[in-house]
Amino acid sequence: MSRAEPVAWVLNLDAEDELSHRGGHTPTAALRARAEALVPTLRASGLVGPDDEVVWPGEATASGLPGRAWCPTRFALSQLERARATLPRAPSQAVLRLVNHRRFANALGQSLPGAGFAEDAAELDALLETPPGSSSEGCWVLKRPLGYAGRGQRRVRATGWLPADERWVEASLRLDGLQVEPWVHRELDVGLHGLLDEDGTLRVGRPTVQDIDAQGTWRATRLAPVDALTPGELTQLHRTLEETARALHEAGYFGPFGLDAFRWKAPDGTVHFQPRSEINARFSMGWATGFGPG
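Okay, so the sequence shown: first residue is 318 according to our numbering, each after it adds one.
Here you go:
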């Protein structure tokens, strides 16, 4: 997605926080500092161009420049308006919330054994009745529906929860449900990015390999070597991206998106591929690596 003209950016890396609360949004000082610290990385990756203005985090003005946001939430659009940038066309806030919610990905189908989305305690109990089994490490990972960078996740044992686990689960279910997955040993984290036009036209980037720490936080992205994925995994990844794009278009979304995927090994040594671990209906840290400059 190459371009010659500079743009004005809002790097609202906490977009999922805003979408989860549905009301007004004020980023925390810690988030603002984190976004500021990542601006050089995003410039180095090519997502933010050398002549682009970053109007948030920051106080720059950008009269007349085309506006662009990590995710075009209400807060992001208000910051572009404040900076006098030209507002981009964007999906509604309801659509952004819908397609970034883990319930949306769950409805497209699960590939991890025993995985599912629980709306309430009864559904959670039903999912947890089946032990993680031979496919897992004997634990579950529970994910709040609008998390990012490893936030909003908790790893719990199949039995013998701590009181803190119980409190966290109860609070999560009061909010908006939980994604339930067996905890598996990940061997390779990969990504594939797409750009979806309003008419449903899909442009596809190149597969990437991601360096993710134990907490699920992104560290680095590079183009996937030609032999990183098997032909079968590549086919699964591209087919899943196309399937996801169709669902996003039907839901009313357009813009950048990406799939996180991974290869995992069961305790019995069998190797599997999870082609849709997460849907990120927004830009991402590895976007420019896999797709090209923003």
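For glycine and all other residues, C-beta sits at the position ideal for the given N, C-alpha and C.
In this text the structure is predicted, and so the values were computed from the model without any measurement.
DSSP bridge partner residues for residue i (one or two, in chain order)
i: PRO573; result: LEU512
i: TRP581; result: ARG503, HIS589
i: ASP528; result: ALA537
i: GLN470; result: LYS460
i: TRP326; result: VAL371, ARG385
i: ARG520; result: LEU512
i: ASN417; result: Its beta-bridge partners do not exist; DSSP assigns none.
i: VAL497; result: GLY433, LEU459
i: ASN597; result: GLY575
i: THR403; result: PRO383
C-beta neighbour in chain D for residue i, strict 9 Å
i: ASP528; result: In the structure shown, chain D does not exist; there is a single protein chain.
Residue environment, residue i, which counts as buried when at least 16 other CB atoms sit within 10 Å
i: LEU479; result: exposed
i: PRO542; result: exposed
i: PRO499; result: buried
i: GLY549; result: exposed
i: ARG461; result: buried
i: ALA361; result: exposed
i: PRO317; result: In the structure displayed, the chain extends from 318 to 611; residue 317 sits before or after that span and is not available.
i: PRO357; result: exposed
i: GLU483; result: exposed
i: VAL324; result: buried
i: GLY340; result: exposed
i: ALA411; result: exposed
i: ALA443; result: exposed
Beta-carbon contacts of residue i that lie in its chain and below 6 Å, excluding the five residues immediately before and after
i: GLY575; result: GLY508, HIS510, ASN597, SER601
i: ALA407; result: PRO389
i: TRP326; result: VAL365, ASP369, VAL371, ARG385
i: SER337; result: LEU463
i: SER489; result: ARG461, LEU495
i: ARG471; result: LEU459, TRP485
i: GLU436; result: GLY494
i: ASP516; result: none
i: ARG503; result: PHE579, TRP581
i: TYR465; result: GLU333
i: VAL588; result: LYS582
Beta-carbon proximity list for residue i, same chain, < 8 Å, skipping 5 on both sides
i: PRO524; result: VAL507, GLY508, LEU509, LEU540, ALA541, ALA545, LEU546, LEU551, LEU554, GLY607
i: ARG351; result: LEU330
i: GLY603; result: SER362, GLY508, HIS510, THR525, GLN527, TRP535, THR538, GLY575
9 Å Cβ cutoff met for residue i and residue j
i: LEU294; j: GLY384; result: In this structure the chain extends from 318 to 611, so residue 294 is not present and cannot be described.
i: ALA578; j: ARG599; result: no
i: THR527; j: THR538; result: Before going further, note that residue 527 is Gln rather than Thr in the sequence given. Their beta carbons are under 9 Å apart, which means GLN527 touches THR538 by this criterion.
i: ALA393; j: ALA347; result: no
i: GLU595; j: ALA422; result: yes
i: ARG349; j: PRO374; result: yes
i: TRP387; j: LEU445; result: no
i: GLU560; j: LEU425; result: yes
i: ALA583; j: VAL416; result: no
i: ALA475; j: CYS456; result: yes
i: THR447; j: GLY431; result: yes
Contacts around residue i, its chain only, beta-carbon distance under 7 Å, and the 5 residues preceding and following it disregarded
i: SER380; result: ARG401
i: GLN427; result: GLY433
i: ARG419; result: PHE434, LYS460, PRO462, GLN496
i: THR343; result: none
i: LEU558; result: LEU509, GLY511, VAL521, LEU576
i: ILE529; result: ASP506, TRP535, ARG536
i: GLN591; result: SER428, LEU429, ALA578, PHE579, TRP581
i: ALA605; result: SER362, GLY363, LEU364, GLY611
i: ASP514; result: PHE571
- Message: With a threshold of 8 Å, are at least 3 pairs of Cβ atoms found where one atom belongs to the segment 488-504 and the other to the segment 549-567?
- Response: No, the segment 488-504 is not in contact with the segment 549-567.
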